[in-house]
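Written below as structure tokens is the structure these notes are about.
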């Protein structure tokens with residue numbers, strides 16, 4: 001008897017009627033001969049409503065209390081889902097993250113899972129019950145306080161539980177049919193991928209594909225948990241994330257898909273003295289402010305001036321934090337000024353096959369040039385090429401690249417969109 | 001430095017503005033030199049909204065899951081209250097019933113507190129923080145599942161914590177000014193009591209006074225915790241519940257007040273064979289159905305028939321359960337038929353002084369007779385006389401008795417009304 005972990009996002013349990021539909025799907029999975037552990041997010045807009053309530057009493061809620069507040073959302077959805085399953089004649093028991101043994105560090109708002117000790121879940125499954133677990137939450141190992149895992153947290157809860165329970169598969173239910181070769185809202189001919197490797201999915205997620213969060217895929221790869229991403233609104237198969245690029249056969253498609261990301265901004269530090277240690281000083285300062293940077297480019301020094309420019313991209317949400325931190329050390333580092341640009345977009349091509357096909361870069365850049373897309377920054381990995389361009393050019397770039405690699409319609413493999421996931 | 005436990009009901013934290021007002025009152029208590037532990041109920045209509053949600057998925061929610069659902073209400077209010085306090089520059093830490101060490105039995109929906117181990121609360125208070133505890137909830141000693149304490153549960157949480165923390169006082173904040181000599185909505189001249197003994201408050205609560213629940217007062221008496229019932233909407237002093245009737249001086253008022261209760265119904269078992277064991281059989285059956293009965297009266301047997309009638313009162317909410325249980329054993333017990341009457345009301349006079357004043361009963365019954373109130377059932381204790389009459393006659397009876405004992409306006413001591421408390 002296999003164990004299946006299913007995760008349902010907020011849009012899949014938006015109201016009582018949706019919860020009842022999900023209950024029926026869970027019961028069908030049980031009737032098919034599986035032990036089922038379900039991870040559930042807060043219903044619909046609950047999290048936003050709770051955040052609104054917090055804002056009404058303070059502009060700066062303490063992280064500990066905000067986590068206590070937000071975890072009420074999953075508490076409600078999991079209890080109601082358990083009731084809906086009971087109403088279908090099956091026993092379901094709901095468990096908080098703490099009860100399910102999701103042990104984290106103490107970083108409120110974006111805690112990391114340290115360990116999962118799902119003793120109570122295993123007992124429930126062994127006793128024939130369906131286990132319903134609150135996603136997105138855990139309990140701090142040190143302080144015993146309630147924590148939340150941050151964006152995409154429920155997906156991570158599901159994968160972590162699947163690993164700890166040695167589940168056969170972790171099914172992530174969302175409002176889209178799986179992972180696509182591009183965002184179907186931009187490329188109408190985008191195709192759904194049947195399978196994609198962990199490495200490719202990691203690159204896609206890091207490049208802006210929203211259907212799965214990066215840390216969830218990282219966790220799945222580390223513990224070798226197959227993820228099946230599919231829609232809770234249909235019975236169609238979705239996309240299975242599994243396997244390594246090392247195992248791919250030569251016949252495998254070269255390219256999985258085209259991802260894009262409009263969530264980043266670019267900061268350019270202008271007039272940096274071109275002497276050793278200046279770049280290190282800049283990025284040390286940014287890191288100290290708690291800002292994660294993505295791409296970095298340093299322009300060639302103008303020989304006459306002995307000055308250079310350093311650009312980097314970062315989440316827009318960290319923009320003002322980074323600008324403030326750098327402004328404070330302008331005198332120490334000795335740069336001329338800062339430029340901030342949030343009208344940028346990143347377009348990435350991902351595919352395991354590009355390792356052994358040297359022509360990929362040429363095709364990629366040719367397609368962008370023919371479409372009139374200017375390239376600002378370039379970054380590559382073994383299985384990915386990314387460029388930064390103007391935000392207005394993102395759609396054009398995605399379509400041009402999608403067509404150039406013959407991904408349109410019935411032509412094979414992968415990227416992503418949609419899903420607000422937590 | 002004394003410890004004060006404060007409990008705020010749902011009407012005191014109905015919205016963000018109300019929560020902020022409560023936060024200010026808590027901070028003032030801290031500034032006056034106290035360590036403060038706060039017990040809070042769910043905000044306004046939250047509990048009803050959660051019950052509505054449950055009803056949308058099933059008519060019969062499992063108790064375990066209903067408790068999981070409802071406890072989300074206090075989780076929200078306590079976190080928001082802690083945030084509002086933080087916004088005033090004081091540290092507050094919220095704790096679930098489980099985190100606060102409220103250990104109960106496993107009876108979902110009306111669990112009883114077995115033990116309170118408030119280690120984390122004491123630590124928080126010692127570290128200078130304000131502790132905010134979710135009322136109404138605990139954790140089962142046996143199953144480790146979340147439980148709720150049922151009606152008036154938050155008051156009981158507060159008193160239990162006050163006892164465990166050896167607090168100086170347990171302040172119960174509500175939407176009325178304290179305990180009155182009668183319900184001011186019925187008797188406009190009802191007066192607030194300054195103090196009332198535990199025994200009198202127990203009788204008042206058992207007789208329909210809603211400002212404090214019976215079990216909360218029982219708990220306070222057992223652990224000798226003074227309760228101060230007062231309004232969260234004013235700074236006026238309320239009513240202090242403390243001391244034993246044994247300690248009362250001779251000058252103490254004879255009567256505390258007049259309570260009434262319209263929540264009961266009466267069942268009459270007609271034509272019961274007047275032989276030993278029949279009454280026992282009836283009440284055994286009712287008890288087996290889980291129904292608590294209040295007053296019992298057995299009519300004198302009609303000599304000719306060898307049959308008698310047995311009447312008893314019970315909560316209206318248990319009416320159909322009791323009727324069903326008795327109907328099932330009609331053949332075995334051999335009674336003729338059942339009568340059900342939910343148009344009844346109980347009026348009670350409570351006062352420690354009536355022990356030593358034999359004329360109290362006479363005055364009580366004379367006042368009712370003069371007001372034209374028919375008496376159906378009578379029950380007494382050492383410090384209480386209760387009668388059952390028609391529901392329509394309750395207001396008339398309360399006013400007549402209140403006047404007969406000179407309780408109007410500035411004439412001394414105590415009963416109750418209002419507050420939906422949980």
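Protein chains in written order, with full-length UniProt numbering: chain G, 1 to 422; chain Y, 1 to 422. No residue lacks a Cβ here, since even glycine has one placed at the ideal position from N, Cα and C. Being a predicted model, the structure only gives us computed values, none of them experimental.
In this structure, what does DSSP give as the bridge partners for residue i?
i                      : result
residue 39 of chain G  : G:7, G:133
residue 264 of chain Y : Y:315
residue 296 of chain G : G:312
residue 95 of chain G  : G:133
residue 259 of chain Y : Y:348
residue 342 of chain Y : Per DSSP, none; premise fails for residue 342 of chain Y.
residue 138 of chain Y : Y:147
residue 273 of chain G : G:307
residue 241 of chain Y : Y:196, Y:227
residue 103 of chain Y : Y:115, Y:139
residue 337 of chain G : G:270
So, at 7 Å on beta carbons, what are the nonlocal neighbours of residue i in its own chain, with the 5 sequence-adjacent residues on each side left out?
i                      : result
residue 308 of chain Y : 272, 274, 298, 299, 301
residue 17 of chain G  : none
residue 379 of chain G : 295, 386
residue 306 of chain Y : 273, 274
residue 278 of chain G : 272, 333
residue 262 of chain Y : 345, 391, 394
residue 397 of chain G : 347, 368, 371, 373, 389
residue 14 of chain G  : 43, 44
residue 237 of chain G : 230
residue 233 of chain Y : 175
residue 136 of chain G : 41, 74, 148, 149, 153, 154, 157, 422
residue 26 of chain Y  : 6, 36, 38, 85, 130
residue 289 of chain Y : 321, 322, 325
Output needed for residue i: all residues of its chain with C-beta closer than 6 Å, excluding positions within five of it in sequence on either side, in chain order.
i                      : result
residue 20 of chain G  : 84
residue 34 of chain G  : 2, 4
residue 220 of chain Y : 159, 227
residue 405 of chain Y : 255
residue 248 of chain G : 352
residue 337 of chain Y : 270
residue 435 of chain G : In the structure as shown, chain G starts at 1 and stops at 422, and residue 435 of chain G therefore has no counterpart that could be examined.
Thinking residue i and residue j are a contact (beta carbons under 8 Å), I'd like their distance in whole angstroms, please.
i                      : j                      : result
residue 174 of chain G : residue 229 of chain G : 7 Å
residue 58 of chain Y  : residue 167 of chain G : Not quite, the Cβ-Cβ distance comes to about 28 Å (not below 8 Å), so this is no contact.
residue 402 of chain Y : residue 286 of chain Y : Contact flag wrong, Cβ pair sits at about 34 Å.
residue 102 of chain G : residue 157 of chain G : 6 Å
residue 130 of chain G : residue 155 of chain G : The Cβ separation is near 20 Å, so there is no contact.
residue 76 of chain G  : residue 72 of chain Y  : 5 Å
residue 196 of chain G : residue 239 of chain G : 6 Å
In chain order, what residues of the same chain have a beta carbon less than 8 Å from the beta carbon of residue i, not counting five sequence neighbours either side?
i                      : result
residue 69 of chain Y  : 50, 53, 54, 61
residue 420 of chain Y : Annotation note: pLDDT 36 at residue 420 of chain Y (below 50); position unreliable, no value reported.
residue 165 of chain Y : 3, 5, 37, 118, 121, 122, 125
residue 198 of chain G : 217, 220, 221, 241, 242, 243, 244
residue 400 of chain Y : 367, 368, 370, 371, 373
Secondary structure, beta strand (DSSP E): runs of 3+ residues fully inside the UniProt domain "ACT" (349-422) of chain G: Runs of the beta strand (DSSP E) inside the UniProt domain "ACT" (349-422) of chain G: 377-381, 384-390.
Three or more C-beta pairs below 8 Å linking the region 213-221 of chain G and the region 183-191 of chain G: No, the region 213-221 of chain G does not touch the region 183-191 of chain G.
Three CB pairs or more closer than 8 Å across the region 101-120 of chain G and the region 109-129 of chain Y: In the pairwise beta carbon analysis, the region 101-120 of chain G is classified as not touching the region 109-129 of chain Y: fewer than three pairs are separated by under 8 Å.
Ranges of the alpha helix (DSSP H) found wholly within the region 151-215 of chain G, counting only runs of at least 4: With a minimum length of 4 residues, the continuous alpha helix (DSSP H) runs that stay inside the region 151-215 of chain G are 153-164, 198-206.
Inter-stretch contact at 8 Å, needing at least 3 Cβ pairs: the region 384-401 of chain G / the region 347-358 of chain G: Counting Cβ pairs under 8 Å, three or more are found: they touch.
Segment contact flag, the region 139-153 of chain Y with the region 58-70 of chain Y, C-beta cutoff 8 Å, min 3 pairs: With a cut-off of 8 Å, the region 58-70 of chain Y and the region 139-153 of chain Y count as touching, because enough Cβ pairs lie within range.
The region 72-84 of chain Y touching the region 93-106 of chain Y, judged by at least three CB pairs closer than 8 Å: Segments in contact, yes.
The region 257-273 of chain Y in contact with the region 315-327 of chain Y per 3-pair CB rule at 8 Å: Because the criterion of three Cβ pairs below 8 Å is met, the region 257-273 of chain Y and the region 315-327 of chain Y touch.
Any alpha helix (DSSP H) of 4 or more consecutive residues that is wholly inside the region 26-70 of chain G: Those alpha helix (DSSP H) runs which fall completely within the region 26-70 of chain G and span 4+ residues are 46-57.
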